[in-house]
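Heads up, the thing below is written out as structure tokens.
There are 2 protein chains.
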Amino acid sequence: MSTEDIKHDDQTAVPARRKFLNTAALAGLAGAGLSVGLSACKQEAAAPAAGAPAGAAPAAHAAGEFGKYEVAPGQLDEYYSFSSGGHSGEVRIYGLPSGRLFKRIPVFNMDCLVGWGITNESKAILGTKADGSLKYHTGDTHHVHQTYVDGMYDCKYMFVNDKIHSRLARIRMDTMECDKITELPNIQGFHGTFPDKRDPVDEKINHTTRVFCGAEFSIPLPNDGNDMNDPTKYHSLFTCVDSESMEVRWQVLIDGNCDLVATSYDGKLAATNQYNTEMGAHYQDMMSSEHDACLFFNIARIEEAVKAGKTRTYGSSKVPVVDGTKAANQDPKTALTCSVPIPKNPHGVNASPDGKYFVCSGKLSPTASVIQHDLVLKWFNGELKEAREAVVAEPEIGLGPLHTGFDNKGNAFTTLFLDSQIVKWNVEAAIQSFKGDKNAKVVLDRVDVQYQPGHGFTSMGETKAPDGKYFLSDNKFSKDRFLPVGPLHPETAQLIDISGDKMKVVADHAVYSEPHDSIIVRRDLVKTRQVYNLDEFPNAVKDAKESGVFRNGNKVTVKMVSQAPSFSLPEFTVKKGDEVTLILTNLDKVEDLTHGFAIPKYDINFLVNPQETKSVTFKVDKLGVYWCYCTNFCHALHLEMRSRMIVEK
Amino acid sequence: MSTEDIKHDDQTAVPARRKFLNTAALAGLAGAGLSVGLSACKQEAAAPAAGAPAGAAPAAHAAGEFGKYEVAPGQLDEYYSFSSGGHSGEVRIYGLPSGRLFKRIPVFNMDCLVGWGITNESKAILGTKADGSLKYHTGDTHHVHQTYVDGMYDCKYMFVNDKIHSRLARIRMDTMECDKITELPNIQGFHGTFPDKRDPVDEKINHTTRVFCGAEFSIPLPNDGNDMNDPTKYHSLFTCVDSESMEVRWQVLIDGNCDLVATSYDGKLAATNQYNTEMGAHYQDMMSSEHDACLFFNIARIEEAVKAGKTRTYGSSKVPVVDGTKAANQDPKTALTCSVPIPKNPHGVNASPDGKYFVCSGKLSPTASVIQHDLVLKWFNGELKEAREAVVAEPEIGLGPLHTGFDNKGNAFTTLFLDSQIVKWNVEAAIQSFKGDKNAKVVLDRVDVQYQPGHGFTSMGETKAPDGKYFLSDNKFSKDRFLPVGPLHPETAQLIDISGDKMKVVADHAVYSEPHDSIIVRRDLVKTRQVYNLDEFPNAVKDAKESGVFRNGNKVTVKMVSQAPSFSLPEFTVKKGDEVTLILTNLDKVEDLTHGFAIPKYDINFLVNPQETKSVTFKVDKLGVYWCYCTNFCHALHLEMRSRMIVEK
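So the protein sequences, as listed, match chains A and B.
Anchor point for the first sequence: position 429 equals 534 in this note's numbering, and the numbering is continuous, going up by one each time.
Anchor point for the second sequence: position 531 equals 636 in this note's numbering, and the numbering is continuous, going up by one each time.
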């Protein structure tokens, strides 16, 4: 590859910057091949002095130019954006085009506002140690994807992974709360996840029933202290979770490891890109081969093998594991997996909305590989000589291509990490070009983003009905784009209008780390509830008359209700040494009338939404008077909304 | 009071809404006097169907109308807004007018992104139990205020309270990180806080040296199980903390309790509004009196009394407490405190930028009381017959007046919780009217906000140089203003342009609960650092060559550095049963190049900013291989940035 091979159609906007970026990036590539990459260091854009006039920023615009994307007071956004929060451990709901943050959904993190990790109900979902304390307080959410019906969002559930502790969480989308978390056995570095879109065999099941999970790190199986010093014996598993029960159905032993995951619209295939097929344990060993791969899983065959008992288990896990390694799958006609060679270190695989292609990008190669879905199926039927023949295009699109979104006109939009650009290219033109058509216009447009984009995605682009309106670029560095706030910068999610021929960056949304990945969903598809039903909670205190302190030895249950602006027990008495379970039902019925309950010095705070019940359990270890109070402003006399816990000897 | 007494100058905009609001609110007031208030229940604005066209919202605007307030891509905001995050336990940094969230500063909450509550350094600030686990995971931040020099922000420190566990935290503003937390003794419900602005005696000390803290809940002193059932014996203390050492200097025993806190520009007075002077323990007892009060503290006299040893202590606390109760302060000429009667249940006291007045609002009275600073000083000199004579105006401004901000033209802007409005009124006109001038035009404008505002504040309004540009209304309910996201709604911070005669709501910023209180600071005043200095960290690993595993019995220190895209130890070996302290220094020097470090199954994740050092300590209790990885995207080969922890028998 030479620097001339990389075409840049639009270098005029900020020429100095573009020149610098390309030079630096290519210098890295031309070097040892190991020090590749424009890390943040290379780009010496100093933060602006806060006192500099706003107009001095490099890309100043006339006021009002972006009025079209304005969501004025009283107006509503057109789209929801559901976004993973990276190592904040949470999921977030934004509005688009405004970029307003509507909600943080605590998932793997503690959230002392709602009491996530504090209430008994949330602890049961998160999991606890023998002593009742939380098993984990950290998490690293990477990918949020929804359940499907017939290739469209049904907005029933979202799924999100935790890379640190290899957990899959589910969020119910009526209340936008996490309701289940499953820890996957015998894997590390659970990175990519995607629900299936229909059943591979039963045509009547045209909706999501499985969630696929890729494991990025290989480990000894089981990871019990054996084979630790021989990384060639490490393995990785690809996991299938039942979307309803959230139980692990099966796992597949593979060569190499998994990164991102995509699924086909016909339910037959799941795919994962593999960047370290060398199985290197050290950095430099991870890029010794010439190719990596995109690995396809034949779901129907895997489930037949599971059914036929061609399985084993590892350690204490009962999950059946089938063998998907090359050695065990020599004959394509019976193979469980198909490995399609891809240029080095791919970090993304995405299914096109027409169901025809997967696009897989190699971050050390300036290309995007287009893999044709029906050719992979042909390989599984023994009708293809080499799996590589399923690659029908491999356009050079720019440096550091990662993730690809799609519009409704056959175009793909790929993030270029090194170039700090989004590139728009046409899939069919790329296929024609690959066939030899020198007139095929593959790359249609480029736009600079600020800076180093990771994931990018289009409005409705993960369904069969993308609408070609917006692309959101989740960038890893913001540098000089916002007022400085100390060593930890925000990141940026930049909104790009893709409805015309030229892409246009229309908004910089500052994001607390990390805007890892998102989906953009038309607002009319999302149906939420604003008020719970008392009957949803078996322990609900349905009437203020049921309030009181109920003692059973030193186990004490305190039942209480909230109704603005008071709690049903103005005071309650317990004894030092008691184990108290306090149950609070919010009898207020009107939406948005949420109450909080805090107990000073006892480290308790949680919320109860309208008609919701929550409980906490704690040891009473301090004498005295403790003013419990409503922490969520509810009424003009909110400050007076208290209960007094009296702790006697 | 009759309904006719309440003037509404601007009821034309959305007449039905205004009529409804007033009727409902007044119905409450006319009732028992106890069920006052327009709680969220009363206002039956259903959430819009998500599918409704955006234009159908009640106050739709022509696209582009707000271009003036647009912060286009590449432009920078004009102001910082530093905001308490309520029961999320954090502090937030926003840009204005954009409303972009630049940073969450974890303070009393755990934050698994940066490792707050996970690193040894943050645990030392937060405080731990004997077993090394965090003492508290919850907090309720209410008020953020900065240090001053000569009545202006010096942007050195911010202070924020925790109402749940009565702690004061300090944030250093160069790095925007919390560096100290102090738990205040013998109080509960630490609500209001404000730094002083100069020394009351030494004119050379024209900057902040003290932080005053009000306690809202009265408790037995000490709270050790005595006097629990006789609330008349409960007490509240007003606390002074040293702004540099963060040690508690002194406390004052008072009648009633404290709510918000304000300080005078001359350093002589601190003030707190008191809403439950009855000392009622039950809701209905808290509003039996006709008046509550604004209590003033004579700082110089209090410190003389402390110096003279006229103090006592409570329980195990060594903090000297002086007696500020009425009974002990009968003679104004020697009194430590001055109680100015104010209409019922005030919930706000603010100092005017000219240093002349305090404005204190009673939420059960439609009035704002203007208290003249030099008249309070006169009372302390025995020159005023009654403290009430210091009240020089008490205009009727609307229902549920809470907090007041000021512009640079002598106008005050008060949030009206019940009316869901901001009212603009002129302070001097109010004084003239109070004197009998029937032509004085007191109320100048009103604007509806959505809905139920709590705190409100103007740009630079807490300094001697407000600029009269913006007012931000932190609202407690958003109801129908944003796309629905389930039972827990966002709240709103509405930006209002106050530069003209008429106020204009120009942006709805959605906020994760709770936008409790903020300050708006001109950007040129804030000077941050983007890169640390290695020498700031005594345990820094200054060279990759210092890396290694250092064993002392079963105490093991692992030293490591990060430099994109690798950690200096590709692997390290420890033994089951070890207590490992892992120290990581980020040797990358360029701003925004932050690395993360996660250890799977060991519940570790934290960040190291450029040139920063952090450490974690954990028990090694599981055999096997654990792939530590960089969680903060740093480089094209970020995914390859790992270290392997091998745990042997």
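By construction, the Cβ of each residue, glycine as well, lies at the ideal position given by its N, Cα and C atoms.
Beta-carbon spacing of residue i, residue j below 8 Å
i, j, result
"T47(A)", "E494(A)", "Lying before the first or after the last residue shown, residue 47(A) is absent from chain A, which here runs from 106 to 754."
"F401(B)", "V445(B)", "yes"
"I527(A)", "T563(A)", "no"
"I198(A)", "G232(A)", "no"
"G453(B)", "D397(B)", "no"
"Y556(B)", "S525(B)", "yes"
"G372(B)", "P305(B)", "yes"
"K680(A)", "K727(A)", "no"
"P675(A)", "E696(A)", "no"
"D105(B)", "H560(B)", "Because chain B in this structure spans residues 106 to 754, residue 105(B) falls outside the shown range and cannot be described."
"V265(B)", "W355(B)", "no"
"Y462(A)", "V532(A)", "yes"
"P592(A)", "A615(A)", "no"
"F711(A)", "I359(A)", "no"
Closer than 8 Å at the beta carbon, the chain C residues around residue i
i, result
"W732(B)", "In the structure shown, chain C cannot be found, because the protein chains are A and B."
8 Å Cβ cutoff, residue i in contact with chain A
i, result
"D697(B)", "yes"
"L744(B)", "yes"
"C283(B)", "no"
"K754(B)", "yes"
"C363(B)", "no"
"I703(B)", "Going by the sequence as given, residue 703(B) is Ala instead of Ile. Output row for A703(B): interface = yes."
"G429(B)", "no"
"L549(B)", "no"
"S350(B)", "no"
"M333(B)", "yes"
Bounding residues of the beta strand (DSSP E) (the contiguous stretch that carries residue i)
i, result
"A703(A)", "H700 to I704"
"N378(A)", "L374 to Q379"
"R551(B)", "V548 to D553"
Interface flag, residue i vs chain B, CB-CB below 8 Å
i, result
"T736(A)", "yes"
"H387(A)", "yes"
"L400(A)", "no"
"D622(A)", "no"
"Y380(A)", "yes"
"H700(A)", "no"
"P500(A)", "no"
"Q356(A)", "no"
"S227(A)", "no"
"C217(A)", "yes"
"S76(A)", "Only positions 106 to 754 of chain A appear in the structure, and residue 76(A) is not among them; the question remains open."
"T368(A)", "no"
"V196(A)", "no"
Residue span of the alpha helix (DSSP H) that contains residue i, given as start and end
i, result
"K415(A)", "No alpha helix (DSSP H) contains K415(A), which DSSP labels as neither H nor E."
"W484(A)", "H478 to F485"
The segment 622-635 of chain A in contact with the segment 275-285 of chain A per 3-pair CB rule at 8 Å: A contact between stretches requires three or more CB pairs, one per stretch, nearer than 8 Å, and the segment 622-635 of chain A meets this requirement with the segment 275-285 of chain A.
Closer than 7 Å between beta carbons: that is the criterion. Which residues of the segment 230-262 of chain A meet it against chain B? Listed by position, the residues of the segment 230-262 of chain A near chain B (Cβ gap below 7 Å) are Y241, H242, T243, G244 and D245.
Residues in the segment 608-619 of chain B having any Cβ partner in chain A nearer than 9 Å: Listed in chain order, the positions of the segment 608-619 of chain B with a beta carbon within less than 9 Å of a beta carbon of chain A are V610, V611, A612, D613, H614, A615, V616, Y617, S618 and E619.
Does the segment 579-598 of chain A touch the segment 173-180 of chain A, meaning 3 or more C-beta pairs lie closer than 8 Å? In this structure the segment 173-180 of chain A does not touch the segment 579-598 of chain A; the number of beta carbon pairs closer than 8 Å is below three.
At a CB distance below 9 Å, what residues from the segment 179-193 of chain A approach chain B? Give them in sequence order. Under the 9 Å Cβ criterion, the segment 179-193 of chain A contributes G179, Q180, L181, D182, E183, Y184, Y185, G190, G191, H192 and S193.
Taking a Cβ distance cut-off of 8 Å, strictly less, list which residues of the segment 577-592 of chain B are near chain A, in chain order. When C-beta distances to chain A are compared with 8 Å, the residues of the segment 577-592 of chain B below that value are K581, F582, S583, K584, R586, F587, L588, P589, V590, G591 and P592, in chain order.
Scan the segment 511-522 of chain B for residues whose Cβ lies nearer than 9 Å to a Cβ of chain A and list them as they occur along the chain. In summary, the residues of the segment 511-522 of chain B whose CB is separated from some CB of chain A by less than 9 Å are F522, in the order they occur in the chain.
Cβ contact check for the segment 318-331 of chain A and the segment 294-302 of chain A: 3 or more pairs under 8 Å: Short answer: they touch.
Count the CB pairs spanning the segment 665-678 of chain A and the segment 691-700 of chain A that are closer than 8 Å, and state whether there are at least three. Contact between the segment 665-678 of chain A and the segment 691-700 of chain A is present, because at least three Cβ pairs lie under 8 Å.
Chain-ordered residues of the segment 197-211 of chain A with a beta carbon less than 7 Å from chain B: Within the segment 197-211 of chain A, the residues whose Cβ lies closer than 7 Å to some Cβ of chain B are I198, G200, R205, L206, F207, K208 and R209, listed in chain order.
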